[in-house]
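Trainee: Got a structure for you, questions after.
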Amino acid sequence: MSIAIEPQGPIAAPPPPEPDPVPVNYLNNGYSIWSWLFTVDHKRIGILYLVSISVFFLAGGIAAGIVRLNLLQPDGAIVTEDAYNRAFTAHGVMMLFFFLIPAVPAVFGNFFIPMMIGAKDLAFPKLNLASWYVFMLGAILAIWSVLAGGIDTGWTLYPPYSTRASQSHVIPGVVGVFISGFSSIMTGLNIMVTIHKMRAPGMTWGRLPLFVWALYATSLIQLLATPVVAITLLLIVVERMMGIGIFDPTIGGDPILFQHMFWFYSHPAVYIMILPGMGVISEVLTCFSRKNIFGYHAVAWSSVGIAVVGFLLWAHHMFVAGISFYAALLFSLLSMLVAVPSAIKVFNWTATLYRGSITFHAPMLFALGFVVLFIIGGLTGLFLATLGTDIHLHDTYFVVAHFHFVMVGGMVMGYFAGLHYWWPKMTGRMYSDWWSRLAAIIIIVGFFLTFIPQFYIGYHGMPRRYPNYPHEFQIFNVMSTAGASILGIGYLMPVVYLTLSLFYGKKASANPWSATGLEWQCPSPPSVHNFEKTPVVVCGPYEYAIGVDQMGRGLPEPPGVDDNPARRSGITGPAGPMNKETEVVG
Amino acid sequence: MNLTPFIPEIASTQAYQFELLFWYIAITAGLVGGSVYAALLYFCIKYRRGNTTGSTPRILGSHRLELAWTVMPLFVFLSYFAGGVIVYNNAHHPPDDAMEIFVIGKQWMWKAQYPTGQRVIIGGNPRNMTEAERESIGKLILPIGRPVKITITSEDVIHDFGVPAFRSKMDAVPGRYTQVWYHPTRLGEYHIFCDQYCGTWHSLMVGKIKVVEQKEFDDWLMGHTPLQGSRNAVDGSLAHEGRQLFLKLNCISCHSSTPNGKAPVLEGLYGSRVPLRGGGAEIADEEYIIKSIRRPRLAVVDGWESIMPAYDETQVTKEQMDALVAYIRSLKKGQTPDRTEYFPAPNGAPTYPRTQSPEKK
Amino acid sequence: MAEPNTATANDDPHGIRQDVDNPATLILVFVVLIGLALANIGISGAMGPTKLTLPLQLAIASVQAGLVAYYFMHLRQGDKVVILTALSSLFWMGILFVLFLADYLTRHMVVG
Amino acid sequence: MSASTHSSVLKHHFEDLGQQHACERLGMWMFLATEILFFGGLFGAYAMYRIWYPHEFELASSHLNRTLATINTIFLITSSLTMTLAIRSAKLGQRGALIGNLLITVALATAFMVVKGFEYAEDFHEQLVPGPGFGTHYHQEAISKGLDPAKIQLFLCFYYVMTGIHGIHILVGIGCILWLAWEAWRGTIPPENYSTVEVVSLYWHLVDAIWLFLMPLLYLAGAGMKH
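Chains Z, G, L and B, in that order, are what the protein sequence lines are. Quick note on this note's numbering: the first sequence kicks off at 1 and runs consecutively. Quick note on this note's numbering: the second sequence kicks off at 1 and runs consecutively. Quick note on this note's numbering: the third sequence kicks off at 1 and runs consecutively. Quick note on this note's numbering: the fourth sequence kicks off at 1 and runs consecutively.
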């Protein structure tokens, strides 16, 4: 291990006495609405995405609220069956296509990938802006279709229901999703080209932060899977408009073919959703336990492994759909393979904590919540990948609970971990330490209360998408709804304290968590071109044990156990590596 | 269904296999997950900042550990796969002697049909039904301890015929036939759910399966015991075939329910006591019906002319005779057809307007 | 990837003129492409629909597409990542085909 | 080569022109990868049905107009050649030749679309369309050959969707090439900026290459079939 160490502090940190003239950063570089709407700065586009997906998260959350409230009574507590069907479809479409898929790649990926690899911007800034516009166009169409009367097909849009039976506004909704798919492709393409071609000197593949590896794997899926769903959705639109098409059983078409093509995208798409979350977790766990990641290469390659193997197992959504017996065997076997890289990640994260020096600030609590919930989500996935158990559990609340454990327990937790981890960098402000920790705990508790009962009723056979259900399931649905209201409160809290931090929060230092990534070498908030001069990378991403960042300079003192990071503004730490004996193991 | 027991009712052989596999996975996965939780908890307490000096060792990983936790889970997962294959294989291959019941999904009801022609409609929203359909709403009656094969298709969109107590589920796909089979092992009533979203009343496309003793089942099937929800309308069944023959052979022109019919009405004939010309009587069982068709002059019903021609095996084959008997057996009061030119298509294939022959793969 | 610093000519500092296509090559490729297209049509018409027709047609089309990619799309000058991208798109399409076939070729085998 | 041209071509966030060209080329290739998968989904669906219903597909294909398709193939291959020559002109800084080559490409592409339009018109006239307008003579013919007329319509769905989407790609290509010609006329495509031409040409060649596969799958499936 050879690290060239320059004896100097972090370059970009402003000197402690504050009231110096505020340096130009990406936020105060123009205040007009046009300076935002026509920006090509990847950081501003990231913020645009952050604002938009927060709105869609809220919209999807309202739909979820309607669904949960209606399930309080076995025959529907508040809305009609038609309204319920539209509500859960709106929930699915909003959350999946307009929140989960863009959440981390388009917000944190856009914002931090160039900074983490030491680039001035993404490779195609205009394309990046275009992707936001395309995304918004798709979202507006989808929202319009919801407001105009809704879609009642479920987010899976299976024909022939979606093509001939449904009486709802399928076409604008599907076109909206189709269009937003292009935004996803554009973002993925941009990130992929950027990672390939724009890394700073010394930033080899083996020194990339794991978040970048995860986003690389995500982009791979976005590029190669999204076009297949695009053509599939197009075929649905054509079939619905023309009254005839290739999935039409009356002319010999096979409705199951749609499911194949749909899941060819939509199964890898769940990895689009979870992989970036995993990347965030690798960043946060190492930072708050002050440890190198355990098994860097294993974690990095397991991301790529998940992305590639994730393409081979879509038909496990179709074990009881009437596919071939032998195909079912094959897909079940392949599904078992993808569980391995996920397990590797979990084991490595756990091992990273070993002999660490752990603090429990909000990002760490969210990250631990991710690991805890993802373990349950992942292990229950095994029941669904196993043929013999899937024939009972398929399309029950067991699936709903599993999916939410992975997507909400996994991805949304990862998203919040990232949001709390990078918020000081993005906004230059610290949020309330106490309130954020409380929110993390409330969200985890609310989550368990919401979704554990769903495993139980799913195991007992309650089908998904049922506004009317047998009476014996009522008590569990009431428990679930109660948990959901706690969860809802938990999700509202960050909205409040994060917004307040923008106005009343303490100014954040350049590196409040004492993290090693290149993004922390920029000021908070970053300047317009990120780096004054192109950084030169000398070592891997997680040298917390030695106490140097990726440019080989010393880290500031990390926040202590009871240390409120908000009070630590201006602390820049020792110049040079921590002067200590470092034990090298393994 | 009572949720007090943690394990849901086990009412078929497949359900039993499912539970074994489910709990094998649950326990092994629970052990793995639990030990990771224990490690997380232990590390979080032991290595919290307040408990350490703040300096950490530089641990980059261990190839041996990586290999261990790559290979070991893989083998565990493969054992799940193997167990799953056994159960799935079993679920996919009904025994040869299984009784076949035909189930058609339709927005929003299930139309089940027994090999002997009995038809029952399960679930659905009564408001969306025709009068005839409403009358046929009932339960799917199955005999205990006997394999039953369910062949499923759909008339419109994709549905799914799921029976939690049997741990079974299969999509109903328009234009295709799918199959499940059960071997019920417990008496009782169990839920049928539509598990594939199919539109507005998806959640009302539910009903009950009732598992009864073989004798009770037979009685019901014969029509001796009127279980609710089973008319003897017999589309697509043997009896329906008999009905077609009844019309085709012009039996109807004499055995009609019109006042000037030249022969006795056959409604409710089966099992009744028939007075014969010249005194005496016979119970109208299968034997009697066959005899009356093959050699009608042997026993003429009191009060009627002996005008019926005899039908030998060149005119009515053995199979056709079975069908005719089944039809006459099923013929109840007020069911004699009055029109010869129209009768509905059998309820076999999906009834899409443009449908051609179903997939013959 | 072009290596700008290897160019020595004063009027070509980025090595752009160095790797221009030879028009003769392009026209030769063009002639071969047209020839293959006509051959494909002719052979198909002569053979009629037999079991071998489709594989042969697709083989000819693949050769054509390969020529287009290699010469017209400059895959011969492309850097490794470009070639990797092109190959991986084909690989993923292969995944789609193979796993589709896994279902469609064996579906009729399930008889119960 | 003046320094000012150089700096106006090099975008601010790239280190040098080599990086910029490599990024642009790679970005386009990645987009092409998505295009290949886009059509790949369609080809996959086609392949499955072709395996299931080979004879219906051959019969349906035999009714398509192969003459027009052959003419179109020649148009597209020629346009690929002129597009490649346009890159050469751009690299050599020959503005006139660049614009000329681009305009020939546009002309050929437009000719393709016109021929395609005539072909569609003919198909409609002969009721070679799926759905309620499906010609009864095709229905009778299929039945007389012991085939299922429904699946003839299935093939026609593929025919219209595939050629339709391909046609939309041609239209987009025409737009892009016209834009290039306009930029070249304005003089914003010096040799340093040749990659702009190359990027569009990559797209154009892909559209061409896809046609090379549509040709056998749609038009040649039933070639040489007797009626």
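Beta carbons are placed, not taken as given, at the ideal position from N, Cα and C, and that holds for glycine.
Using the C-alpha atoms, what's the distance from residue 98(G) back to residue 100(Z)?
Mentor: Rounded to the nearest angstrom, the two C-alpha atoms are 47 Å apart.
Trainee: Please say whether residue 196(G) and residue 152(G) have beta carbons closer to each other than 8 Å?
Mentor: No, the pair does not count as a contact, with Cβ atoms beyond the cut-off.
Trainee: Mapping the DSSP letters down to three states, classify residue 171(G) as helix, strand or coil.
Mentor: Note: residue 171(G) maps to strand in three-state DSSP.
Trainee: Does residue 18(B) come out as helix, strand or coil in the three-state DSSP assignment?
Mentor: Residue 18(B) falls in the helix class under three-state DSSP.
Trainee: I need the DSSP call for residue 106(B), collapsed to helix, strand or coil.
Mentor: DSSP places residue 106(B) in helix when its eight states are reduced to three.
Trainee: Taking only the alpha-carbon atoms, compute the straight-line gap between residue 489(Z) and residue 282(Z) and give it to the nearest angstrom.
Mentor: Rounded to the nearest angstrom, the two C-alpha atoms are 27 Å apart.
Trainee: Could you pull the DSSP bridge partners for residue 226(Z) from this structure?
Mentor: According to DSSP, which records beta bridges pairwise, residue 226(Z) is partnered with nothing at all.
Trainee: Determine the contact status of residue 115(B) and residue 68(B), defining contact as a CB-CB distance below 8 Å.
Mentor: Contact flag set, yes.
Trainee: With residue 141(B) as the anchor, note down where its beta strand (DSSP E) starts and where it stops.
Mentor: Per DSSP, residue 141(B) belongs to no beta strand (DSSP E); it is in the alpha helix (DSSP H), 136 to 144.
Trainee: Would you mind reading off the limits of the beta strand (DSSP E) that contains residue 261(Z)?
Mentor: Segment 255 to 289 is the alpha helix (DSSP H) holding residue 261(Z); no beta strand (DSSP E) there.
Trainee: Determine the chain C residues that contact residue 219(Z) at a beta-carbon separation under 9 Å, and present them in chain order.
Mentor: Of the protein chains in this structure, namely Z, G, L and B, none is chain C.
Trainee: Tell me which residues of the region 87 to 109 of chain B have at least one Cβ-Cβ distance to chain L shorter than 8 Å, keeping chain order.
Mentor: Listed by position along the chain: 87, 88, 91 and 92.
Trainee: Name, please, each residue of chain Z whose Cβ falls closer than 8 Å to the Cβ of residue 200(G).
Mentor: Per Cβ cutoff of 8 Å: 81, 82, 85 and 152.
Trainee: Counting along the chain, where does the alpha helix (DSSP H) carrying residue 136(G) start and finish?
Mentor: It is not in any alpha helix (DSSP H) - residue 136(G) carries neither H nor E in the DSSP assignment.
Trainee: Just to check my reading of the structure: residue 315(Z) and residue 263(Z) have Cβ atoms closer than 8 Å, yes? What is that Cβ distance to the nearest angstrom?
Mentor: Residue 315(Z) to residue 263(Z), Cβ: 7 Å. Contact.
Trainee: Just the Cα atoms here: how many angstroms apart are residue 133(G) and residue 236(Z)?
Mentor: Each residue's Cα considered, the two are about 32 Å apart.
Trainee: Using CA atoms only, rank isn't needed, just tell me which of 128(G), 145(G), 194(G) and 163(G) is closest to residue 154(G).
Mentor: Checked all of 128(G), 145(G), 194(G) and 163(G); the closest Cα to residue 154(G) is 194(G).
Trainee: Rounded C-beta distance between residue 94(G) and residue 149(G)? I'm assuming under 8 Å.
Mentor: That belief holds up - the Cβ atoms of residue 94(G) and residue 149(G) are roughly 4 Å apart, short of 8 Å.
Trainee: Is it the case that the region 296 to 313 of chain Z contacts the region 340 to 351 of chain Z, given that we only count it when at least three CB pairs across the two stretches are under 8 Å?
Mentor: The region 340 to 351 of chain Z, when compared against the region 296 to 313 of chain Z, does touch it at the 8 Å Cβ threshold.
Trainee: Does any residue of chain Z bring its CB to less than 8 Å from the CB of residue 211(B)?
Mentor: Closer than 8 Å: no.
Trainee: Counting pairs of beta carbons, one from the region 126 to 135 of chain B and one from the region 10 to 30 of chain B, are three or more of them closer than 8 Å?
Mentor: Segments in contact, no.
Trainee: Hey, would you say residue 74(B) sits closer than 8 Å to residue 60(L), going by beta carbons?
Mentor: Result no, Cβ atoms of residue 74(B) and residue 60(L) do not sit closer than 8 Å.
Trainee: Write down the C-beta distance between residue 28(B) and residue 207(B) rounded to the nearest angstrom, noting that I regard them as a contact closer than 8 Å.
Mentor: Not confirmed; about 13 Å, so no contact.
Trainee: Applying a beta-carbon distance threshold of less than 7 Å, which residues of chain B neighbour residue 33(L)?
Mentor: Going along chain B in sequence order, the residues near residue 33(L) (Cβ under 7 Å) are 77.
Trainee: Taking Cβ-Cβ distances below 9 Å as the criterion, which residues of the region 374 to 386 of chain Z are in contact with chain G?
Mentor: The region 374 to 386 of chain Z vs chain G, Cβ under 9 Å: 375, 376, 378, 379, 380, 382, 383, 385 and 386.
Trainee: For a quick check, are the C-beta atoms of residue 391(Z) and residue 323(Z) less than 8 Å apart?
Mentor: No.
Trainee: Look at the alpha carbon of residue 138(Z) and the alpha carbon of residue 91(L), and state the distance between them as a whole number of angstroms.
Mentor: Straight-line Cα distance between these residues: approximately 30 Å.
Trainee: Could you compute how far the alpha carbon of residue 74(Z) sits from the alpha carbon of residue 331(G)?
Mentor: Cα to Cα, residue 74(Z) sits roughly 41 Å from residue 331(G).
Trainee: Look at the alpha carbon of residue 54(Z) and the alpha carbon of residue 487(Z), and state the distance between them as a whole number of angstroms.
Mentor: One C-alpha to the other measures close to 16 Å.
Trainee: Name the chain Z residues that come within less than 8 Å of residue 53(B), Cβ to Cβ?
Mentor: Within chain Z, the residues near residue 53(B) are 252.
Trainee: Which one of 372(Z), 142(Z), 211(Z) and 307(Z) has the shortest CA to CA distance from residue 588(Z)?
Mentor: Since the first residue of chain Z shown is 1 and the last is 586, residue 588(Z) is not available in this structure.
Trainee: Count the other C-beta atoms from every protein chain shown that fall within 10 angstroms of the C-beta of residue 181(G), then say buried if there are 16 or more, exposed otherwise.
Mentor: Residue 181(G) comes out buried.
Trainee: DSSP three-state call for residue 160(G): helix, strand or coil?
Mentor: Of the three classes helix, strand and coil, the one that applies to residue 160(G) here is strand, per DSSP.
Trainee: Nearest-angstrom Cα distance between residue 546(Z) and residue 362(Z)?
Mentor: If I take the Cα positions, the gap works out to 24 Å.
Trainee: Just to check my reading of the structure: residue 557(Z) and residue 514(Z) have Cβ atoms closer than 8 Å, yes? What is that Cβ distance to the nearest angstrom?
Mentor: Rounded, the Cβ-Cβ distance is 7 Å, consistent with contact.
Trainee: Rounded to whole angstroms, how far is the Cβ of residue 523(Z) from the Cβ of residue 25(Z), which I believe are closer than 8 Å?
Mentor: With 8 Å as the limit, residue 523(Z) and residue 25(Z) qualify as a contact, their Cβ atoms being about 7 Å apart.
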